[in-house]
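Asks: Converting from the sequence shown to my numbering requires adding 5 to each position, the first position being numbered 1.
Please find one structure pasted underneath; my questions will follow.
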Amino acid sequence: MSEEREQRLQTESQIEAIETEIRTTQPLTSGKQPILTLRKNYEEGSNFDKEVLYLADSYASIRRVRGDGNCYYRAFLYSLCETTEELDRIVKVVEDSMARVEKCGYERFTIETFWEELLEFLKSLPKDFHDELNEENAVSDYSSWYMRMLTAVHLKSDPDRFVHFLEGDYFDIATFCQREVEPMGKECGMVQVLALAEYMGVKVDIEYLDGRDAKSTKHSFGPEDSKTTLTLLYRPGHYDILYKA
Numbered sequence: 006m007s008e009e010r011e012q013r014l015q016t017e018s019q020i021e022a023i024e025t026e027i028r029t030t031q032p033l034t035s036g037k038q039p040i041l042t043l044r045k046n047y048e049e050g051s052n053f054d055k056e057v058l059y060l061a062d063s064y065a066s067i068r069r070v071r072g073d074g075n076c077y078y079r080a081f082l083y084s085l086c087e088t089t090e091e092l093d094r095i096v097k098v099v100e101d102s103m104a105r106v107e108k109c110g111y112e113r114f115t116i117e118t119f120w121e122e123l124l125e126f127l128k129s130l131p132k133d134f135h136d137e138l139n140e141e142n143a144v145s146d147y148s149s150w151y152m153r154m155l156t157a158v159h160l161k162s163d164p165d166r167f168v169h170f171l172e173g174d175y176f177d178i179a180t181f182c183q184r185e186v187e188p189m190g191k192e193c194g195m196v197q198v199l200a201l202a203e204y205m206g207v208k209v210d211i212e213y214l215d216g217r218d219a220k221s222t223k224h225s226f227g228p229e230d231s232k233t234t235l236t237l238l239y240r241p242g243h244y245d246i247l248y249k250a
């Protein structure tokens, strides 16, 4: 076995071990926890710690989401299910989405199962949906992937606008979607946040806890006049759900 191949296999083994540890130690979505439990993650007196104390003036609790690269989509779906005022409208958006997805060039037979899973879940949304959204390889995964499709469709619907938001070495929306949006496990940046919020017609408030200052910074995405607002917490590379005090 060549040295290069051996190194690649070792790297793949390490990645698999990390993914296994994440699956066995982190639920897809946790129960609510006091916001101040975040202080355990940071050095006392650091900017991160001060930001947590600042957040505690406005937020009472946090719901942690598994850090597997799909955390934004899982957090979005879970928070959306907790805000049912516009459930009928949301169901209609998802129901009508297949036509737009097909028009964008995706083949129905490859995505129909994922669409149906999300649609049927929302149509029959149980009052206690927590357990269902914590089942491995089930609703949460299927729905997260389909929401990735909706994100890609919205980005592709107006490439000249969204291309200016791309980071890194990306210069066209199609390549960006193929590599950073459609595959499971790919982290979500601001352009994906904006695209999904606009597609679903909801406002997403995100508190940024990034250690830059003693106060967190809030950014809002999606229509300002939306009746539905989802509130999430961003820490470098990760999203969780926030709840007001």
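The beta-carbon is built from N, C-alpha and C at its ideal position, and this holds for glycine as well.
Bear in mind that the values here come from a model prediction, so they are computed numbers and not experimental data.
For Arg113 and Val158, what's the separation of their Cα atoms in angstroms?
Replies: Taking the straight line from one Cα to the other gives about 14 Å.
Asks: With respect to the alpha helix (DSSP H) encompassing Leu238, which residues constitute its N-terminal and C-terminal limits?
Replies: Note, Leu238: premise wrong, no alpha helix (DSSP H); beta strand (DSSP E) at 234 to 240.
Asks: Would Leu43 pass as a contact of Leu214 if the rule is Cβ separation under 9 Å?
Replies: In this structure, Leu214 lies closer than 9 Å to Leu43 by Cβ.
Asks: So, using beta-carbon positions, are Ser206 and Pro228 closer together than 9 Å?
Replies: Per the sequence presented here, residue 206 reads as Gly, with Ser not at that position. Yes, these two residues count as a Cβ contact at 9 Å.
Asks: Among Tyr244, Thr236, Arg240, which has the Cα closest to the Cα of Tyr64?
Replies: Of the candidates Tyr244, Thr236, Arg240, the one whose C-alpha sits nearest the C-alpha of Tyr64 is Thr236.
Asks: Can you name the start and end residues of the alpha helix (DSSP H) that Lys161 belongs to?
Replies: 144 to 162
Asks: What does DSSP give as the partner residues of Thr34 in its beta bridges?
Replies: The secondary-structure analysis by DSSP pairs Thr34 across a beta bridge with Val70.
Asks: Strictly by DSSP, which residues pair up with Leu138?
Replies: Its beta-bridge partners do not exist; DSSP assigns none.
Asks: Output the distance between the C-alpha atoms of Ala143 and Ile246, rounded to the nearest integer angstrom.
Replies: 21 Å
Asks: Run the CB neighbour count on Ala104, radius 10 Å, all protein chains shown included, and call it buried at 16 or more, exposed below.
Replies: exposed
Asks: Write down the C-beta distance between Thr88 and Thr222 rounded to the nearest angstrom, noting that I regard them as a contact closer than 8 Å.
Replies: Actually they are not in contact, since the Cβ atoms of Thr88 and Thr222 sit about 23 Å apart, beyond 8 Å.
Asks: With a 10 Å radius around its C-beta and 16 neighbouring C-beta atoms as the bar for buried, classify Asp93 as buried or exposed.
Replies: Exposed: under 16 other Cβ atoms inside 10 Å.
Asks: Can you tell me whether DSSP reads Lys220 as helix, strand or coil?
Replies: Coil, per DSSP.
Asks: Would Glu141 be called buried (16 or more neighbouring beta carbons within 10 Å of its own) or exposed?
Replies: exposed
Asks: Are there 16 or more other CB atoms within 10 angstroms of the CB of Glu125, so buried, or fewer, so exposed?
Replies: exposed
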